[in-house]
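Residue numbers for the sequence shown follow the numbering used here, beginning at 235 and rising by one.
Beta carbons are placed, not taken as given, at the ideal position from N, Cα and C, and that holds for glycine.
Working notes, beginning with the structure itself.
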Amino acid sequence: MKIDVHVHSRHSKRPSQWILKRIGCPESFTDPLQLYQIAKSRGMSHVTLSDHNTIDGALEIAHLPGTFISEEITTYFPDVGCKVHVLALNINEAHHLELQKLRRNIFDLARYLKDENILAIVAHPLYAINDRLTMAHFEQMLLLFQHFELNGARNNRENVVLRGIIARLSDKTINQLADAHDLAPVYPRPWEKRLWGGSDDHSALNIARTFTEINGIRDPRRLTGDTDHLQLTVHGRSATPLTMAHNLYSIAYQYYCSKFNLSRYAEKDVLVRYLDRNLRVDENRQSGLLSRLYLLWRHRREKITQTPVSDSLMALLRHETRLLIQDDPEFYADKNAPFDFDLAERRWFSFVDRASKRVMLHFGNHLIDHLSGAKLFDIFSTLGSAGGLYTLLAPYFVSYLQFAKDRELSLAAARRFTSAPAGEDEETFRFAHFTDTYYEVNGVAKTLQQQVYYALKNNKAYTLVTCRTDESTDQPGVRNFTPIGTHDLPEYPELKIFYPPFLEMLHYCYDTEIDHIHTATPGPVGLAALAIAKILKLPISGTYHTAIPQYAQVLTDDNAMEELTWKYVLWYYDQLDVIYAPSQGTRDELVAKGISADKIKRYPRGIDVDFFHPSKRNGVFKNNYDLAVRTKLLYVGRVSKEKNLDILTRAFKRMVADGEKVQLVIVGDGPYLKEMQAEMNG
Numbered sequence: 235m236k237i238d239v240h241v242h243s244r245h246s247k248r249p250s251q252w253i254l255k256r257i258g259c260p261e262s263f264t265d266p267l268q269l270y271q272i273a274k275s276r277g278m279s280h281v282t283l284s285d286h287n288t289i290d291g292a293l294e295i296a297h298l299p300g301t302f303i304s305e306e307i308t309t310y311f312p313d314v315g316c317k318v319h320v321l322a323l324n325i326n327e328a329h330h331l332e333l334q335k336l337r338r339n340i341f342d343l344a345r346y347l348k349d350e351n352i353l354a355i356v357a358h359p360l361y362a363i364n365d366r367l368t369m370a371h372f373e374q375m376l377l378l379f380q381h382f383e384l385n386g387a388r389n390n391r392e393n394v395v396l397r398g399i400i401a402r403l404s405d406k407t408i409n410q411l412a413d414a415h416d417l418a419p420v421y422p423r424p425w426e427k428r429l430w431g432g433s434d435d436h437s438a439l440n441i442a443r444t445f446t447e448i449n450g451i452r453d454p455r456r457l458t459g460d461t462d463h464l465q466l467t468v469h470g471r472s473a474t475p476l477t478m479a480h481n482l483y484s485i486a487y488q489y490y491c492s493k494f495n496l497s498r499y500a501e502k503d504v505l506v507r508y509l510d511r512n513l514r515v516d517e518n519r520q521s522g523l524l525s526r527l528y529l530l531w532r533h534r535r536e537k538i539t540q541t542p543v544s545d546s547l548m549a550l551l552r553h554e555t556r557l558l559i560q561d562d563p564e565f566y567a568d569k570n571a572p573f574d575f576d577l578a579e580r581r582w583f584s585f586v587d588r589a590s591k592r593v594m595l596h597f598g599n600h601l602i603d604h605l606s607g608a609k610l611f612d613i614f615s616t617l618g619s620a621g622g623l624y625t626l627l628a629p630y631f632v633s634y635l636q637f638a639k640d641r642e643l644s645l646a647a648a649r650r651f652t653s654a655p656a657g658e659d660e661e662t663f664r665f666a667h668f669t670d671t672y673y674e675v676n677g678v679a680k681t682l683q684q685q686v687y688y689a690l691k692n693n694k695a696y697t698l699v700t701c702r703t704d705e706s707t708d709q710p711g712v713r714n715f716t717p718i719g720t721h722d723l724p725e726y727p728e729l730k731i732f733y734p735p736f737l738e739m740l741h742y743c744y745d746t747e748i749d750h751i752h753t754a755t756p757g758p759v760g761l762a763a764l765a766i767a768k769i770l771k772l773p774i775s776g777t778y779h780t781a782i783p784q785y786a787q788v789l790t791d792d793n794a795m796e797e798l799t800w801k802y803v804l805w806y807y808d809q810l811d812v813i814y815a816p817s818q819g820t821r822d823e824l825v826a827k828g829i830s831a832d833k834i835k836r837y838p839r840g841i842d843v844d845f846f847h848p849s850k851r852n853g854v855f856k857n858n859y860d861l862a863v864r865t866k867l868l869y870v871g872r873v874s875k876e877k878n879l880d881i882l883t884r885a886f887k888r889m890v891a892d893g894e895k896v897q898l899v900i901v902g903d904g905p906y907l908k909e910m911q912a913e914m915n916g
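Written out as structure tokens, the structure reads:
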């Protein structure tokens with residue numbers, strides 16, 4: 235017997251995710267009969283629906299073979315209103331009515347389920363549904379219930395931790411919990427728990443992604459609270475943020491299809507066709523040959539005649555869809571291959587990633603053009619692109635945020651019940667250092683290069699994250715992302731602004747389990763670091779390396795630009811948990827501008843006294859340069875005007891003209907070097 239014990243139909247109406255609430259969308263659109271057909275086509279021998287607090291969907295298919303009635307009950311710990319979901323399998327209408335009366339109190343509900351011998355499974359027990367779940371609540375669940383779910387919509391760590399806890403439970407542990415909570419276990423032998431698998435699908439995309447194989451019975455009517463004679467095996471895979479986001483896009487698309495009947499355009503519009511194939515599941519859907527030929531002809535015709543698209547979000551999405559189809563000749567073929575869960579979510583991620591990059595590039599170019607041209611009021615015209623970008627990416631923001639929150643609770647549970655978190659090395663602290671500059675010639679880049687060197691030397695889990703085109707190959711300790719675009723600054727020719735691939739960076743930080751983010755610069759890469767830290771709920775610190783507002787004034791000769799830059803810099807650094815200032819003077823300046831002194835720490839530059847030591851004197855200047863025995867002025871650093879080297883040049887020339895026996899030695903490189911050499915030759 236194979237069954238997905240946790241699936242939802244259109245009868246689950248109240249959405250739990252704010253993004254669905256915002257558009258007035260129900261939690262699921264799957265028709266019960268369609269759900270039945272999909273589950274059967276994916277190898278399930280039996281089908282049940284577990285809609286939230288209703289059995290209407292299960293009753294719709296109750297006449298079909300291999301079905302039985304179930305529901306997902308929302309219950310509460312009465313002390314703080316902590317929500318818990320419990321699956322009640324193989325119930326009847328009388329059970330449902332009584333369960334709805336008792337569900338406000340989890341203790342009353344658990345006893346009723348036990349007394350009626352109903353198979354009750356705690357769904358996703360380590361998921362804080364309304365952010366009120368604590369370890370104390372989870373401990374009480376272990377006393378109240380016998381069956382727990384490995385949930386196909388939650389992250390792998392959550393399920394691994396739950397397996398580890400269940401495997402390690404003992405009578406001693408249960409007795410300690412009973413004493414601590416003054417709560418007697420509801421079931422006999424309460425340290426023996428059973429694990430079940432369910433997909434928790436809401437979109438039809440992931441039905442049977444996770445399921446339970448039951449050996450010992452064939453008749454589902456024998457599924458009761460007494461399962462000692464059953465052999466249970468959970469099959470399938472856990473989810474990732476990509477899975478959850480794919481589901482959210484799918485539910486929203488199905489909602490708009492229902493509201494505006496978008497599906498009627500699927501055979502004529504390339505974008506709707508792409509959305510339909512990637513966000514809806516219809517095992518019986520097959521388009522006719524004429525429809526496919528028409529769509530193919532239209533695509534090729536538009537590909538030839540259409541020049542670069544307009545700036546609207548829909549135009550950008552359509553253009554990106556055509557490019558994807560051009561790269562995927564299989565798009566027009568009807569496929570009968572088994573549904574590939576991982577491939578489906580990866581393909582959708584790739585589509586959204588590519589489309590969002592185009593929107594981000596358009597938005598970034600417009601913003602910088604308006605700023606550099608002092609067209610401040612024109613900035614508002616770019617806000618539409620920013621809003622469109624947020625709308626496009628919102629399901630991924632929600633998903634990564636949710637999975638990051640789940641991680642914290644799972645680790646807390648692992649520490650509470652096991653010697654160490656399952657699959658987690660507590661000794662490893664993963665640190666990501668984001669910067670807009672690394673390969674350039676400047677002091678910040680040099681400092682960062684030294685930090686990478688010493689982190690590698692001392693075996694620290696430190697990764698420098700940057701973004702540049704001509705250094706696309708990662709180096710040890712450096713993760714370089716290929717930018718989605720670049721922007722040249724006329725005032726600073728050797729410096730380019732690189733637009734980072736935000737979604738890729740977000741996924742990287744989640745996937746590599748970064749613990750702390752540090753930002754070296756407030757540019758586009760620094761903005762990405764700030765957003766990622768907020769989404770993943772990570773601590774973030776930063777270093778105020780450079781007097782950026784003053785540089786803006788020097789480079790543009792515009793006081794208004796300096797003031798505008800100050801507003802941005804202060805806003806940016808005020809978002810950080812800790813700010814490191816290189817000197818007391820810099821710290822005082824930031825405090826005077828309004829940054830709280832409590833969050834600023836002084837971070838003085840160190841000197842390698844072994845490297846800079848008199849014993850290193852080798853006579854290189856004396857032997858290789860025509861330096862007479864006279865007063866020597868030495869400058870070491872970046873050769874650029876913002877260092878006031880033009881003043882140094884004029885002062886030196888005046889001293890020479892006045893007959894001073896002085897020589898000037900410049901060690902370094904930069905955009906002002908050739909001009910400075912030319913002035914010195916005069």
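- Shown here for Leu403: same chain residues with a beta carbon closer than 6 Å to its own, the five before and five after excluded, namely Trp425 in chain order.
- Of all alpha-carbon atoms in Leu798, Pro266, Ala273 and Gly300, the one lying nearest the alpha-carbon of Asp285 is that of Pro266.
- Going by DSSP, Arg397 is part of the alpha helix (DSSP H) stretching over Asn390 to Arg402.
- Here the alpha carbons of Tyr687 and Ala695 stand approximately 12 Å from one another.
- Rounded to whole angstroms, the Cβ separation of Lys771 and Ala638 is 5 Å, and the two are in contact under 8 Å.
- Around the C-beta of Ile237, 16 or more other C-beta atoms lie within 10 Å, and the residue is accordingly described as buried.
- Asp860 and Met910 have their C-alpha atoms roughly 19 Å apart.
- A buried status is given to Lys591, since no fewer than 16 other beta-carbon atoms sit within 10 Å of its beta-carbon.
- The C-beta of Ile257 has fewer than 16 other C-beta atoms within 10 Å across all chains shown, which makes the residue exposed.
- The straight-line gap separating the alpha-carbon atoms of Lys801 and Lys827 is approximately 10 Å.
- In terms of Cβ geometry, Gly450 and Leu464 form a close pair [threshold 8 Å].
- Per DSSP, reduced to three states, the secondary structure at His667 is strand.
- In this structure, Gly432 lies near Glu383, with their beta-carbon atoms less than 8 Å apart.
- Ile485 and Met478 have their C-alpha atoms some 11 Å from each other.
- Per the Cβ contact rule, the region 407–426 is not in contact with the region 436–455 (fewer than 3 Cβ pairs under 8 Å).
- The beta-carbon separation of Ile408 and Lys427, rounded to 10 Å, does not stay under the 8 Å limit for a contact.
- Taking one beta carbon from each stretch, the region 466–475 and the region 485–499 have fewer than 3 pairs nearer than 8 Å; the two do not touch.
- In the structure shown, Tyr672 adopts coil according to DSSP, grouped into three states.
- Per DSSP, Gly291 is one residue of the alpha helix (DSSP H) stretching across Asp290 to Glu294.
- By the Cβ neighbour-count rule, Leu682 is buried, with 16 or more other Cβ atoms within 10 Å of its own.
- Shown here for Gln818: same chain residues with a beta carbon closer than 7 Å to its own, the five before and five after excluded, namely Arg836 in chain order.
- Counting C-beta atoms within 10 angstroms of its own C-beta, Arg337 has 16 or more neighbours from the protein chains shown and is therefore classed as buried.
- Straight through space, the alpha carbons of Pro783 and Ala794 are spaced by roughly 10 Å.
- Proximity to Phe372 across Val356, Asn287 and Ile289 peaks at Val356, based on C-alpha coordinates.
- Per the coordinates, the alpha-carbon of Asp510 lies some 50 Å from the alpha-carbon of Arg423.
- In its chain, beyond the 5 residues on either side, Trp425 have a beta carbon closer than 7 Å to the beta carbon of Asp405.
- Shortest Cα-Cα distance from Thr652 to any of Val394, Phe311, Phe445 and Gln268 involves Val394.
- One thing to note: Phe715 has its Cβ no nearer than 8 Å to the Cβ of Glu747.
- Taking a cut-off of 8 Å for Cβ pairs, the region 345–354 and the region 291–303 do not touch, as fewer than three such pairs fall below it.
- Val468 and Thr461 have their alpha carbons spaced roughly 15 Å apart.
- Assigned with DSSP and collapsed to three states, Ser775 falls in strand.
- Straight-line measurement puts the Cα of Thr309 at about 8 Å from the Cα of Leu343.
- Taking C-beta atoms as the reference points, Pro717 and Thr703 count as a pair closer than 8 Å.
- Of all C-beta pairs linking the region 660–674 to the region 756–764, three or more are shorter than 8 Å, placing the two stretches in contact.
- Taking the C-beta atoms as reference points, Val825 is found no nearer than 8 Å to Arg864.
- Counting only residues of its own chain and dropping the five nearest sequence neighbours on each side, Ala815 has a CB closer than 6 Å to the CB of Tyr778, Arg821, Ile834 and Arg836.
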